[in-house]
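Novice: Going by the numbering used here, the first residue of the sequence shown is number -19, and it counts up by one from there.
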Amino acid sequence: MQRYTARIGHSALLSRRIGGFSLMEVLLAMLVGCVMIIVSMQIYPALRRHSQNTLRHFWLEQRIHQALFALEKDLRRAGFGASRCHGDVVTLGQFPGEAANSCAIVAYDFNRRGGAPQNRETFGYRLRAVESTDVV
């Protein structure tokens, strides 16, 4: 009989432990959860803004890389011809109202027919200063 009461006492102790959380524990857990939600709500917009700025910088870098690659390719080809080149292969000039030497005109034998460069075999690049109001 003593053995039976010991079991009852043990299960009563177990059931008290399994009974759940106290009111203070629940309130403390809710407080911690609310603080975490508020902090994450404060951090998310800043993270989103940073992500968008990073993406904009990436696309800007890609566009600049493509433009410089095209310019480099044409400058490397300047003077190429199936036969002897005629005239100046690189000419520096300016567009009316622009700074001196702000335009570069490059000519090469694009269609490999030889002879003097035609309009389709002349490529121009203009450097123009543009004021940007974008603040990064």
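Even for Gly, the Cβ is constructed at its ideal location relative to N, Cα and C.
Rounded C-beta distance between Tyr88 and Leu51? I'm assuming under 8 angstroms.
Specialist: Actually they do not touch by this definition, with Cβ atoms about 13 angstroms apart.
Novice: So, helix, strand or coil for Arg108, using DSSP?
Specialist: Here Arg108 sits in coil by DSSP.
Novice: Using the rule of at least 16 other Cβ atoms within 10 Å of the residue's Cβ for burial, across every protein chain shown, is Phe49 buried or exposed?
Specialist: Classification for Phe49: exposed.
Novice: Count the other CB atoms within 10 Å of the CB of Val86; is the residue buried (16 or more) or exposed (fewer)?
Specialist: Counting Cβ neighbours within 10 Å, Val86 comes out buried, since at least 16 surround it.
Novice: Helix, strand or coil: how does DSSP classify Phe49 here?
Specialist: It is helical.
Novice: Just list the residues that DSSP pairs Ala87 with in beta bridges.
Specialist: DSSP output for Ala87 lists Thr102 as bridge partner(s).
Novice: Helix, strand or coil for Thr71 per DSSP?
Specialist: Three-state result, Thr71: strand.
Novice: In whole angstroms, what is the alpha-carbon distance linking Val6 and Val15?
Specialist: Their Cα atoms are separated by approximately 14 angstroms.
Novice: Taking the C-alpha atoms as reference points, what is the distance between Ser20 and Arg28?
Specialist: When rounded, the distance between both Cα atoms is 12 angstroms.
Novice: Would you report the Cα separation of Gly77 and Ala84, rounded to the nearest angstrom?
Specialist: Roughly 16 angstroms between the two C-alpha positions.
Novice: So for Ser31, helix, strand or coil by DSSP?
Specialist: In this structure, Ser31 counts as helix in the three-state DSSP scheme.
Novice: Closest by CA to Ala80, which one among Arg108, Asp54, Arg57, Val69?
Specialist: Out of Arg108, Asp54, Arg57, Val69, Arg108 has the C-alpha closest to the C-alpha of Ala80.
Novice: Helix, strand or coil: how does DSSP classify Met(-19) here?
Specialist: Confidence is the limiting factor: at Met(-19) the pLDDT is only 49, short of 50, which leaves the residue's position unreliable and the question unanswerable from this model.
Novice: Counting C-beta neighbours from all protein chains within 10 Å, is the total for Glu111 16 or more, i.e. buried, or is it exposed?
Specialist: The residue is exposed, with fewer than 16 neighbouring Cβ atoms inside 10 Å.
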